[in-house]
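Following: one structure in structure tokens, then a few remarks.
Number of protein chains: 2
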Amino acid sequence: MPTIKDIAEFTGLSTATVSRCLNRHPYVSREAQLAIELAVRELGYRPNSAARSLRSGRTGRVGVVVPDASHPFFAALVAGAGQAAAQAGFDLLLQQTEAGEWHADRLLEPVITAGVDGLLVASELTPWEQYADALSEFPVVTCDQALAEIDLPAVYVDHYESTLEGLAHLRERGSGSIVGISSTSAAASPDRLRRAAYREFAHRNPELTVHELYIDADTPEAGSQLLAKLTALDPLPDGVFTGSDDIAAGLLLAARENGVDVPAKLKIIGFDDSPIARVLRLTTVHQPVRKMGARAFTLLRQLMQTSRSTPSPGAAASGPTGVQRVRVRYKLIARETT
Amino acid sequence: MPTIKDIAEFTGLSTATVSRCLNRHPYVSREAQLAIELAVRELGYRPNSAARSLRSGRTGRVGVVVPDASHPFFAALVAGAGQAAAQAGFDLLLQQTEAGEWHADRLLEPVITAGVDGLLVASELTPWEQYADALSEFPVVTCDQALAEIDLPAVYVDHYESTLEGLAHLRERGSGSIVGISSTSAAASPDRLRRAAYREFAHRNPELTVHELYIDADTPEAGSQLLAKLTALDPLPDGVFTGSDDIAAGLLLAARENGVDVPAKLKIIGFDDSPIARVLRLTTVHQPVRKMGARAFTLLRQLMQTSRSTPSPGAAASGPTGVQRVRVRYKLIARETT
DNA sequence: CTGAAAGCGCTTACAG
DNA sequence: CTGAAAGCGCTTACAG
Numbered sequence: 001m002p003t004i005k006d007i008a009e010f011t012g013l014s015t016a017t018v019s020r021c022l023n024r025h026p027y028v029s030r031e032a033q034l035a036i037e038l039a040v041r042e043l044g045y046r047p048n049s050a051a052r053s054l055r056s057g058r059t060g061r062v063g064v065v066v067p068d069a070s071h072p073f074f075a076a077l078v079a080g081a082g083q084a085a086a087q088a089g090f091d092l093l094l095q096q097t098e099a100g101e102w103h104a105d106r107l108l109e110p111v112i113t114a115g116v117d118g119l120l121v122a123s124e125l126t127p128w129e130q131y132a133d134a135l136s137e138f139p140v141v142t143c144d145q146a147l148a149e150i151d152l153p154a155v156y157v158d159h160y161e162s163t164l165e166g167l168a169h170l171r172e173r174g175s176g177s178i179v180g181i182s183s184t185s186a187a188a189s190p191d192r193l194r195r196a197a198y199r200e201f202a203h204r205n206p207e208l209t210v211h212e213l214y215i216d217a218d219t220p221e222a223g224s225q226l227l228a229k230l231t232a233l234d235p236l237p238d239g240v241f242t243g244s245d246d247i248a249a250g251l252l253l254a255a256r257e258n259g260v261d262v263p264a265k266l267k268i269i270g271f272d273d274s275p276i277a278r279v280l281r282l283t284t285v286h287q288p289v290r291k292m293g294a295r296a297f298t299l300l301r302q303l304m305q306t307s308r309s310t311p312s313p314g315a316a317a318s319g320p321t322g323v324q325r326v327r328v329r330y331k332l333i334a335r336e337t338t
Numbered sequence: 339m340p341t342i343k344d345i346a347e348f349t350g351l352s353t354a355t356v357s358r359c360l361n362r363h364p365y366v367s368r369e370a371q372l373a374i375e376l377a378v379r380e381l382g383y384r385p386n387s388a389a390r391s392l393r394s395g396r397t398g399r400v401g402v403v404v405p406d407a408s409h410p411f412f413a414a415l416v417a418g419a420g421q422a423a424a425q426a427g428f429d430l431l432l433q434q435t436e437a438g439e440w441h442a443d444r445l446l447e448p449v450i451t452a453g454v455d456g457l458l459v460a461s462e463l464t465p466w467e468q469y470a471d472a473l474s475e476f477p478v479v480t481c482d483q484a485l486a487e488i489d490l491p492a493v494y495v496d497h498y499e500s501t502l503e504g505l506a507h508l509r510e511r512g513s514g515s516i517v518g519i520s521s522t523s524a525a526a527s528p529d530r531l532r533r534a535a536y537r538e539f540a541h542r543n544p545e546l547t548v549h550e551l552y553i554d555a556d557t558p559e560a561g562s563q564l565l566a567k568l569t570a571l572d573p574l575p576d577g578v579f580t581g582s583d584d585i586a587a588g589l590l591l592a593a594r595e596n597g598v599d600v601p602a603k604l605k606i607i608g609f610d611d612s613p614i615a616r617v618l619r620l621t622t623v624h625q626p627v628r629k630m631g632a633r634a635f636t637l638l639r640q641l642m643q644t645s646r647s648t649p650s651p652g653a654a655a656s657g658p659t660g661v662q663r664v665r666v667r668y669k670l671i672a673r674e675t676t
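Chains as they are written, first to last, in our numbering: chain B, 1 to 338; chain F, 339 to 676.
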């Protein structure tokens with residue numbers, strides 16, 4: 001592979017000039033530039049990114065940490081972040097935490113060792129204090145984490161408010177006995193906020209019955225099995241906030257198969273507005289996931305830039321209160337299941 | 339950040355010994371090892387990946403090139419490859435080609451410049467000869483590409499055979515007028531193979547009517563709109579090979595809404611066996627996508643290893659005929675739409 | 001088993 | 001506008 005030295009010899013210039021030209025510094029003569037461009041094409045030169053990183057201290061990479069890149073939510077998040085990153089000239093280093101055999105408190109170790117300028121984290125960091133060391137070295141942005149507990153820059157949808165809105169929608173459509181679903185694996189932070197919303201809603205609406213039901217998988221199959229549990233409840237529920245399009249889809253189809261009239265006898269709300277929700281005409285809560293990914297990258301880029309410039313003495317210290325949080329607008333979409 | 343030199347000073351050893359210890363070379367005394375391990379923990383040392391790459395010539399990274407990481411097929415492919423890569427100690431550099439403003443013949447430029455030891459390519463490389471230069475430098479494995487035309491290592495499902503099998507299944511279930519769908523954007527190579535299969539099937543079964551229909555998007559919405567086109571055909575089709583679960587899903591739901599009995603009056607086959615196919619009980623062709631991603635990485639790793647060792651003079655040159663191709667088994671899953 | 005030393009390919013003050 | 005030179009943090013023959 002040709003190096004910058006080869007370009008220098010080929011053109012009769014010094015490596016310094018070649019480097020400047022390649023990095024679009026000002027003060028490179030037109031002749032030099034043309035000669036160098038020719039040499040680059042002629043020799044098939046490509047800069048060595050390792051050498052560049054070693055010297056400059058930057059990698060041009062950002063890490064994206066998700067539980068599983070094949071889950072529709074995280075897939076869209078990664079796609080959005082990746083597109084924004086590419087536009088800004090950054091590469092995306094993808095790390096999945098779910099399948100790995102990493103210790104729970106070492107989730108970020110591999111991606112940090114690999115070398116990145118910043119980090120986008122959508123995986124749950126619990127307890128997040130254990131990550132304080134690692135995270136103090138990097139610009140980092142969290143996506144969709146439990147915000148009350150984490151003091152880091154974040155891009156998120158308010159799962160507490162959106163759940164309350166979904167429940168209110170069920171009430172307005174006439175549901176009197178409402179069930180709120182959440183995951184048995186209490187880890188996921190949206191679930192914690194949803195549970196809090198279920199209780200608050202019950203508290204605010206004492207005339208309604210509000211049940212909570214736990215489910216062990218976020219899949220259509222689990223949604224189908226939910227129907228039996230629902231019919232065992234007293235009074236019989238007539239509204240369900242599932243927190244998941246997949247669960248809602250499974251439940252809807254099971255209900256239809258068993259002759260339960262949706263929405264007349266049972267109203268169902270999903271979450272995310274994934275393709276399946278559109279196909280089945282599910283009422284759901286839309287999240288602009290790709291946009292969230294892109295926004296998360298934009299915020300991260302901003303942090304990377306400010307962290308590189310030495311903080312001026314007069315500037316306010318970016319203490320725990322100075323953290324940036326971007327709340328993304330969700331939207332309840334009423335379709336045919338409520 | 340502490341460097342290897344700090345560890346050397348802290349322990350009183352040389353950087354050479356520290357490096358050997360860190361890289362698990364043999365011939366490091368037990369005492370040295372313990373002292374170094376202590377120092378690493380004490381100082382919070384982390385190797386600098388750029389320096390390591392620059393020196394060793396390896397990056398520990400593989401590039402994954404897909405059109406769009408949020409598409410279920412590519413998402414699963416990336417997830418499978420990422421998991422396999424992580425287990426082998428490699429990081430994944432993700433690049434999406436669809437959203438970028440790259441020139442068609444420069445799809446691989448960014449990821450190559452970023453520095454990788456090998457490449458997994460699922461995006462269409464047309465015309466692939468233009469990539470010959472870039473690809474001659476790297477171990478590369480293609481995923482699901484048009485094989486007849488590309489002379490590169492590959493992991494793929496046979497879209498020609500699987501389409502023929504799907505069409506035969508429609509015939510066996512009683513369809514006499516069959517429609518094969520393909521994309522108007524002729525770029526996607528599976529589509530080319532499917533069209534060839536449609537024609538071959540028509541040729542083999544002169545007693546049947548075989549129509550071809552083009553569709554401009556791989557979405558449920560496009561599938562819904564398909565119904566009108568279908569009913570305009572003469573004779574009225576009673577079997578559709580869609581080549582996509584999303585299209586099949588849209589078509590199925592549109593049919594139901596319009597009182598078309600599926601499967602009695604219209605039989606539908608999807609492709610992929612994505613979650614939506616399971617929920618809707620679609621007959622479809624299952625592809626083990628995650629496994630394909632993992633297998634592609636395994637093959638790539640093998641190529642990376644052999645390309646690093648100097649080929650012995652006696653060994654046969656790995657000419658165009660020596661390329662490895664892994665055909666992955668698909669499976670027709672008959673559910674309730676045929 | 002260990003150390004001194006070269007060098008991977010770049011970038012960047014410094015001095016013209 | 002340009003060049004000579006130092007050095008980023010490692011790894012690896014080479015010589016003990």
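For glycine and all other residues, C-beta sits at the position ideal for the given N, C-alpha and C. Every value quoted in this text rests on a predicted model; they were computed, and no experiment measured them.
query, result
"Under the three-state DSSP convention, the category F:Asp610 falls into", "strand"
"Top-ranked residue by Cα proximity to F:Thr621, from F:Ala540, F:Leu508 and F:Thr557", "F:Leu508"
"Contact the stretch 83-92 of chain B vs the stretch 138-145 of chain B: 3+ CB pairs below 8 Å", "no"
"Helix, strand or coil at B:Val150 [DSSP, three-state]", "Residue identity differs from the one stated: residue 150 of chain B is Ile in this sequence, not Val. Looking at B:Ile150 - three-state DSSP - the assignment turns out to be coil, as it is neither helix nor strand."
"Residue-level contact to chain B via CB, F:Gln421, 9 Å cutoff", "yes"
"Beta-carbon proximity list for B:Leu93, same chain, < 8 Å, skipping 5 on both sides", "Arg61, Val62, Gly63, Val64, Val111, Ala114 and Val116"
"Nearest-angstrom Cβ-Cβ length linking F:Ala460 and F:Val404, presumed shorter than 8 Å", "5 Å"
"Ordered list of beta strand (DSSP E) runs contained in the stretch 386-470 of chain F, each at least 3 residues", "399-404, 429-434 and 456-459"
"is_contact[F:Arg673, chain B] using C-beta, thresh 9 Å", "no"
"Contact list for F:Ile450 against chain B, beta-carbon separation under 8 Å", "Arg46"
"Bridge-paired residues (DSSP) for F:Val493", "F:Cys481 and F:Val664"
"Close beta carbons around B:Pro263, own chain, < 6 Å, minus the five adjacent residues each side", "Thr337 and Thr338"
"Segment limits, alpha helix (DSSP H) that includes B:Val40", "Arg30 to Leu43"
"Where the beta strand (DSSP E) through F:Gly577 begins and ends", "Gly577 to Phe579"
"Contacts of B:Gln145 in chain F (Cβ-Cβ under 9 Å)", "The premise fails here: B:Gln145 is roughly 21 Å from chain F at the closest Cβ pair, so nothing lies under 9 Å."
"Beta carbon of B:Ile150 nearer than 9 Å to that of B:Leu125", "yes"
"Rounded C-alpha distance that separates F:Arg673 from B:Phe74", "29 Å"
"Classification of F:Thr355 by the beta-carbon crowding that lies within 10 angstroms, buried from 16 upward", "buried"
"Where B:Gln96 meets chain F, residues with beta-carbon distance less than 8 Å", "Ala417, Gly420, Gln421 and Ala424"
"Neighbouring residues, chain B, relative to F:Pro613 (Cβ below 9 Å)", "Pro72, Thr219, Pro220, Asp246, Ala249 and Ile276"
"Every unbroken alpha helix (DSSP H) inside the stretch 223-307 of chain B [4 residues or more]", "245-257 and 275-279"
"Coarse secondary structure for F:Gly504, derived from DSSP in three states", "helix"
"Beta-carbon spacing of F:Phe609, F:Ser520 below 9 Å", "no"
"As assigned by DSSP and simplified to three states, the class of B:Glu172", "helix"
"Best match in B:Leu167, B:Trp128, B:Phe90 and B:Gly89 for proximity to B:Leu108 [C-alpha to C-alpha]", "B:Trp128"
"Where B:Glu212 falls: helix, strand or coil (DSSP)", "strand"
"Cβ-based contacts, 8 Å cut-off: residues of the stretch 547-579 of chain F near chain B", "Thr557, Pro558 and Glu559"
"DSSP three-state assignment for B:Ser340, whether helix, strand or coil", "Residue 340 of chain B falls outside the range modelled here, since chain B spans only 1 to 338, and no answer is possible."
"Below-9 Å beta-carbon distance, F:Ala413 vs any chain B residue", "yes"
"N-terminal and C-terminal residue of the beta strand (DSSP E) that F:Leu531 is part of", "First-last for F:Leu531: Ser527 to Arg542, but that is the alpha helix (DSSP H), not the beta strand (DSSP E)."
"Minimum C-alpha distance to F:Thr580 - residue among F:Gly504, F:Ala592 and F:Ala373", "F:Gly504"
"beta-carbon B:Val279 near the ligand ZN non-hydrogen atom, thresh 8 Å", "The ligand ZN is not part of the structure shown, which contains no ligands of any sort."
"Where F:Ser387 meets chain B, residues with beta-carbon distance less than 7 Å", "Thr113, Ala114 and Gly115"
"Cross-chain neighbours of F:Asp406 in chain B, by beta carbon under 8 Å", "Ala79"
"Buried/exposed call for B:Tyr214, threshold 16 Cβ in 10 Å", "exposed"
"Within chain F, the residues that B:Gly270 reaches when beta carbons sit closer than 8 Å", "Per Cβ cutoff of 8 Å: no residues; B:Gly270 is ~12 Å from chain F at best."
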